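Worksheet: one structure, shown below.
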Amino acid sequence: MEWRMQSSPAEQAAPASAGAGQENGAPGGTGTTASIQELRSRTLKHGDAFGVFNQSGDAIAGPDSPEGLYYQDTRHLSHLRMSLEGRGLLLLSSTLRDDNAMLTCDLTNPDLLDGEGRITLAQGLVHIRRSRFLWNGAAYERLAIRNYDTAARRVRLAVDFAADFADLFEVRGTRRAQRGTVHRPMTGRDWVRLGYTGLDGVERTTHLRFEPAPVSIRRGQAVFDLALGPRECRSLFIEIRCNGNSGRPVRQSFYTALRDSRRALRTASARATAIVTSHEIFNEAVRRSISDLYMLVTDMPEGAYPYAGIPWFSTTFGRDAIITALETLWIDPEIARGVLRFLAANQATEFDPKADAQPGKILHEARYGEMARLGEVPFRRYYGSVDATPLFIMLAGAYYERTGDLETVRALWPHVEAALGWIDTHGDLDGDGFVEYARQTEDGLINQGWKDSQDSVFHADGTLARGPIALVEVQAYVYGAWIAAARLARALEHHCRADALEHRAADLRTRFDAAFFDEKLGTYVLALDGEKRPCRIRTSNAGHALLTGIALPERAPLVVETLMNPQSYCGWGIRTVAGNQARYNPMSYHNGSVWPHDNALVAAGFARYGFRREAALIFEGLFAASMYIDLRRLPELFCGFRRQRSHGPTFYPVACVPQAWAAAAPLSLLQSCLGIGFSPAAKKVTLDEPVLPAFLDEVELRGLRVAGGRVDIALRRAGQEVAVNVLAREGNIQVITTA
Numbered sequence: 015m016e017w018r019m020q021s022s023p024a025e026q027a028a029p030a031s032a033g034a035g036q037e038n039g040a041p042g043g044t045g046t047t048a049s050i051q052e053l054r055s056r057t058l059k060h061g062d063a064f065g066v067f068n069q070s071g072d073a074i075a076g077p078d079s080p081e082g083l084y085y086q087d088t089r090h091l092s093h094l095r096m097s098l099e100g101r102g103l104l105l106l107s108s109t110l111r112d113d114n115a116m117l118t119c120d121l122t123n124p125d126l127l128d129g130e131g132r133i134t135l136a137q138g139l140v141h142i143r144r145s146r147f148l149w150n151g152a153a154y155e156r157l158a159i160r161n162y163d164t165a166a167r168r169v170r171l172a173v174d175f176a177a178d179f180a181d182l183f184e185v186r187g188t189r190r191a192q193r194g195t196v197h198r199p200m201t202g203r204d205w206v207r208l209g210y211t212g213l214d215g216v217e218r219t220t221h222l223r224f225e226p227a228p229v230s231i232r233r234g235q236a237v238f239d240l241a242l243g244p245r246e247c248r249s250l251f252i253e254i255r256c257n258g259n260s261g262r263p264v265r266q267s268f269y270t271a272l273r274d275s276r277r278a279l280r281t282a283s284a285r286a287t288a289i290v291t292s293h294e295i296f297n298e299a300v301r302r303s304i305s306d307l308y309m310l311v312t313d314m315p316e317g318a319y320p321y322a323g324i325p326w327f328s329t330t331f332g333r334d335a336i337i338t339a340l341e342t343l344w345i346d347p348e349i350a351r352g353v354l355r356f357l358a359a360n361q362a363t364e365f366d367p368k369a370d371a372q373p374g375k376i377l378h379e380a381r382y383g384e385m386a387r388l389g390e391v392p393f394r395r396y397y398g399s400v401d402a403t404p405l406f407i408m409l410a411g412a413y414y415e416r417t418g419d420l421e422t423v424r425a426l427w428p429h430v431e432a433a434l435g436w437i438d439t440h441g442d443l444d445g446d447g448f449v450e451y452a453r454q455t456e457d458g459l460i461n462q463g464w465k466d467s468q469d470s471v472f473h474a475d476g477t478l479a480r481g482p483i484a485l486v487e488v489q490a491y492v493y494g495a496w497i498a499a500a501r502l503a504r505a506l507e508h509h510c511r512a513d514a515l516e517h518r519a520a521d522l523r524t525r526f527d528a529a530f531f532d533e534k535l536g537t538y539v540l541a542l543d544g545e546k547r548p549c550r551i552r553t554s555n556a557g558h559a560l561l562t563g564i565a566l567p568e569r570a571p572l573v574v575e576t577l578m579n580p581q582s583y584c585g586w587g588i589r590t591v592a593g594n595q596a597r598y599n600p601m602s603y604h605n606g607s608v609w610p611h612d613n614a615l616v617a618a619g620f621a622r623y624g625f626r627r628e629a630a631l632i633f634e635g636l637f638a639a640s641m642y643i644d645l646r647r648l649p650e651l652f653c654g655f656r657r658q659r660s661h662g663p664t665f666y667p668v669a670c671v672p673q674a675w676a677a678a679a680p681l682s683l684l685q686s687c688l689g690i691g692f693s694p695a696a697k698k699v700t701l702d703e704p705v706l707p708a709f710l711d712e713v714e715l716r717g718l719r720v721a722g723g724r725v726d727i728a729l730r731r732a733g734q735e736v737a738v739n740v741l742a743r744e745g746n747i748q749v750i751t752t753a
């Protein structure tokens with residue numbers, strides 16, 4: 015995502031996003047100071063609800079904590095804490111299921127003392143297992159309390175709760191001059207209702223229900239008195255529902271919702287190609303990547319759509335979803351189809367300067383909270399990204415190339431044409447043939463590429479570039495969009511249109527090389543500023559020119575060499591800015607950090623020009639980083655300090671995790687190394703000069719789908735080569751390997 019430095023009131027209201035964003039994106043973009051890595055948060059998500067909890071399963075919200083239960087950009091539960099006889103519990107373990115379906119926390123009692131300091135219950139005699147999951151706007155929890163003492167015990171267990179109904183942007187540090195009205199809690203024998211009416215006139219509620227009924231519910235606390243015989247276990251059930259209340263018993267709701275949630279996860283993830291390798295830790299990382307991906311995928315009316323990340327970006331982002339769909343297209347094309355249909359349905363059709371909207375432009379971000387509804391932040395439906403529109407066209411072309419789904423392409427074509435129209439008119443602000451950005455309102459994002467921090471575009475002396483700014487990767491995406499649109503036009507038999515688009519792409523390639531390639535720099539410049547002065551900085555952005563093929567073949571070796579130089583490649587991955595450049599800071603958001611999705615796109619560019627071994631080296635670095643990270647999850651980004659023997663990477667304090675395009679990065683990297691391609695019309699899967707990274711000797715791909723069939727493929731290291739075997743197939747699918 016991006017985080018931007020704030021200068022305007024709206025920017026102060028939101029850190030900027032790269033993928034998701036700096037409304038989302040700059041160093042210091044959030045008001046929270048506690049590191050998410052330090053908190054070792056446990057996250058759950060389903061649909062528009064997500065939860066951030068500590069390892070004990072509690073949520074202790076405060077000025078430095080994002081913990082709580084959220085629904086549609088509002089924190090519906092800001093405090094949840096369990097205690098035994100007034101004392102906090104000791105953590106034994108805290109785990110997420112491999113499929114992210116449930117959080118399980120094992121806890122026990124500390125020494126409990128009477129008023130004279132005598133032990134009344136020794137540590138470790140009562141065990142409590144918390145099992146929690148989210149489903150359809152509610153959190154469900156089962157508490158299993160077991161007495162391991164040889165004598166019967168009576169214990170008092172309390173659950174404290176509160177809801178601040180803070181807007182997500184408030185949690186991130188934005189101060190509001192005025193808030194709505196918090197209502198007095200309503201309580202019943204086994205339930206409590208917390209409510210808030212915002213300044214937007216919308217009432218938001220949180221219902222908590224308990225089974226069995228507590229002995230008391232008062233002052234934000236439910237109390238249970240439990241009589242436990244030796245070895246006896248009792249279960250308590252809690253349902254926390256956002257904006258609604260269910261009528262069925264809580265115990266029944268728990269088991270019914272658990273069944274339905276697991277079925278839904280299995281059904282969704284079953285679409286994905288299964289990946290099994292010779293490296294068990296990598297297998298764990300892949301399982302977590304796929305689980306995170308499908309946890310973040312949300313069912314929209316238009317289809318599956320990956321929300322960008324937790325906690326700050328659990329909503330629809332255009333750029334993030336498109337890149338996630340490109341990364342995962344080879345294992346599950348349905349994600350790309352859902353992204354394309356949703357973004358087409360939400361494409362701008364009119365001018366709205368406050369939202370940076372122009373006809374044909376693709377959505378950057380949508381928000382549903384009180385501050386967005388009131389216009390206190392400009393992100394209710396915001397279009398301030400310069401690259402989402404050409405990326406949308408690229409994804410449409412890639413989807414057709416992967417699936418041959420002409421029916422979907424035909425439905426999307428008017429939206430592709432509208433996006434092409436935006437590139438031609440509103441995208442090229444000064445008519446020089448390059449696409450630039452300049453925000454239309456002071457409340458919008460200053461920088462509108464994926465590096466949208468306030469300080470992410472600058473000159474060799476460190477001075478910030480003034481717009482309108484033409485980014486190197488945006489020109490590459492435009493080239494890729496014209497090539498993709500030409501292929502779609504031919505598939506639809508619009509041959510004259512295809513010829514014109516191909517001609518424009520060829521012309522752009524020539525002009526791009528002349529304007530952006532810098533022999534002395536050894537790579538492409540970062541951008542052209544408003545005066546057409548090049549920003550002569552070595553950045554990872556240049557690798558995106560390889561991704562789409564706009565780079566001339568003779569430029570590729572030098573670009574690869576520059577990006578793999580120790581100033582850029584730190585051992586974990588390629589830095590956003592090389593270590594010998596102005597403004598380099600390995601702890602910054604965009605000026606020296608390492609982003610997994612960025613590295614995956616650069617590696618795909620390397621592979622396109624035949625540099626698969628360099629792509630494999632990037633893969634090895636990111637996998638090595640994941641081995642030091644909780645749950646094997648690659649975060650949104652980490653610091654770009656040089657890799658040292660026996661040391662893990664340095665974490666970026668407020669990086670989102672899980673993050674969709676980071677979760678998908680290992681999947682994309684594997685495709686780049688193996689050279690996997692598809693020809694649905696010919697019913698072919700191709701493996702173009704496959705390379706296995708150093709940590710893998712064998713890879714099996716099971717259920718790789720194409721043209722209504724499926725195939726299982728095994729790849730094994732054989733000296734310096736890779737041997738390929740077809741293990742099984744359904745349908746007349748050919749597997750072609752090129753050496």
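Be aware that the sequence shown starts at 15, since it is given in the working numbering, and climbs by one per residue.
For each residue, glycine too, the CB sits at the ideal point set by N, CA and C.
Quick caveat, the model's predicted, so the values are computed rather than measured.
DSSP beta-bridge partners of residue i
i    : result
M96  : V173
H509 : Answer by DSSP bridge pairing: none, since H509 is not bridged.
M200 : R207
I483 : Y451
P320 : V311
P548 : L542
C119 : S108, R144
E712 : R730
Nearest-angstrom beta carbon gap, residue j and residue i [assumed within contact, 8 Å]
i    : j    : result
A153 : I254 : 4 Å
A318 : G411 : The Cβ separation is near 20 Å, so there is no contact.
A732 : E712 : Actually they do not touch by this definition, with Cβ atoms about 11 Å apart.
V140 : T118 : V140 to T118, Cβ: 17 Å. No contact.
L213 : I252 : Contact doesn't hold; Cβ gap of about 31 Å is too wide.
L522 : Y493 : 5 Å
T562 : Y491 : 6 Å
S519 : A484 : Before going further, note that residue 519 is Ala rather than Ser in the sequence given. At roughly 17 Å, the Cβ-Cβ gap does not stay under 8 Å, so A519 and A484 are not in contact.
F406 : I460 : So it is not a contact: roughly 23 Å between Cβ atoms.
R716 : A288 : 4 Å
A299 : P680 : 6 Å
Test item: CB-CB of residue i and residue j under 8 Å
i    : j    : result
T211 : T195 : yes
V353 : L409 : yes
A621 : T338 : no
V400 : Q462 : yes
E456 : G481 : no
P610 : L636 : yes
L126 : S70  : no
A115 : C256 : no
F356 : T329 : no
I349 : P320 : yes
P228 : A236 : yes
G374 : C670 : no
V720 : V740 : no
Y162 : R101 : no
Proximity to residue i [Cα-Cα], best of the options
i    : options                : result
P580 : I483, S693, A592, D346 : A592
S607 : I588, F620, A621       : I588
G557 : R547, I632, D513       : I632
R394 : P124, E379, S305       : E379
R190 : K697, L688, N259, L388 : L388
V705 : D466, V668, L636, A630 : A630
L148 : H60, S328, W205, V720  : H60
R552 : P124, A158, F472, T524 : F472
Y736 : P707, R743, F365       : Looking at the sequence itself, residue 736 is Val, so the reference to Tyr does not match. It is P707 whose Cα lies nearest to the Cα of V736.
Q658 : I750, H517, Y583, P548 : Y583
R54  : R724, Y666, I747       : Y666
D306 : L58, R167, A696        : L58
Three-pair Cβ contact test at 8 Å for the stretch 507 to 514 versus the stretch 636 to 655: no
Inter-stretch contact at 8 Å, needing at least 3 Cβ pairs: the stretch 422 to 434 / the stretch 523 to 536: no
The stretch 87 to 95 contacting the stretch 170 to 184, beta-carbon criterion three pairs below 8 Å: yes
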